[in-house]
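A.B. asks: This is the structure I have questions about; it appears just below.
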Amino acid sequence: MQRAQELAKIEALDAGADDYLTKPFGVGELLARVRAALRHMARPASGPAVLTPECGARPTPKTRTTCGIYMKQLRDKLERDPVRPKYFITETGVGYRLVVDQ
Numbered sequence: 009m010q011r012a013q014e015l016a017k018i019e020a021l022d023a024g025a026d027d028y029l030t031k032p033f034g035v036g037e038l039l040a041r042v043r044a045a046l047r048h049m050a051r052p053a054s055g056p057a058v059l060t061p062e063c064g065a066r067p068t069p070k071t072r073t074t075c076g077i078y079m080k081q082l083r084d085k086l087e088r089d090p091v092r093p094k095y096f097i098t099e100t101g102v103g104y105r106l107v108v109d110q
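So for the sequence shown, this note's numbering puts the first residue at 9; every next one is plus one.
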């Protein structure tokens with residue numbers, strides 16, 4: 009079984025993934041990996057880094073409804089109290105913010 013998991017990781021990384029996280033994982037590890045990914049991103053000169061979801065080589069549609077559904081799923085899986093999120097915060101009129109403990 010471990011060999012199959014290793015092959016799945018290799019395939020994902022070879023296909024373009026920058027990182028691979030296996031279950032079960034802790035929120036602390038996830039946030040550390042997000043911080044590391046953000047450090048490696050090229051930041052635009054005019055403002056903060058923006059994450060763009062992609063599926064393969066094509067960008068995914070970023071409709072308000074689709075993002076809201078994914079954010080709810082993330083909160084349900086990662087927040088202790090999804091109704092009162094601590095890490096994935098909604099910024100009204102802007103989008104979402106990831107809060108990282110310092």
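Backbone N, C-alpha and C fix where the C-beta goes; we use that ideal spot for every residue, glycine too.
Taking buried to mean at least 16 other C-beta atoms within 10 Å of its own C-beta, is Arg83 buried or exposed?
C.D. replies: Start at 1 with the first residue of the sequence shown, and residue 83 comes out as number 75. Counting Cβ neighbours within 10 Å, Arg83 comes out buried, since at least 16 surround it.
A.B. asks: Compare the Cα-Cα distances from Tyr95 to each of Val42, Tyr28, Gly101 and Val102 and report the closest residue.
C.D. replies: As a position in the sequence shown, residue 95 is number 87, starting the count at 1. Nearest of Val42, Tyr28, Gly101 and Val102 to Tyr95, Cα basis: Val42.
A.B. asks: If you check the beta carbons only, do Thr30 and Gln13 fall under 8 angstroms apart?
C.D. replies: Here residue 30 refers to the residue found at position 22 of the sequence shown. Here residue 13 refers to the residue found at position 5 of the sequence shown. Yes, Cβ-Cβ distance for Thr30 and Gln13 is below 8 angstroms.
A.B. asks: Per DSSP, Glu87 forms a beta bridge with which residues?
C.D. replies: What you label residue 87 is simply residue 79 of the sequence shown in a count that begins at 1. Partner(s): none; Glu87 has no beta bridge.
A.B. asks: Assign Leu106 to one of three DSSP states: helix, strand, or coil.
C.D. replies: Position 98 of the sequence shown, counted from the start, is the residue given in the question as residue 106. Reduced to three states, the DSSP call for Leu106 is strand.
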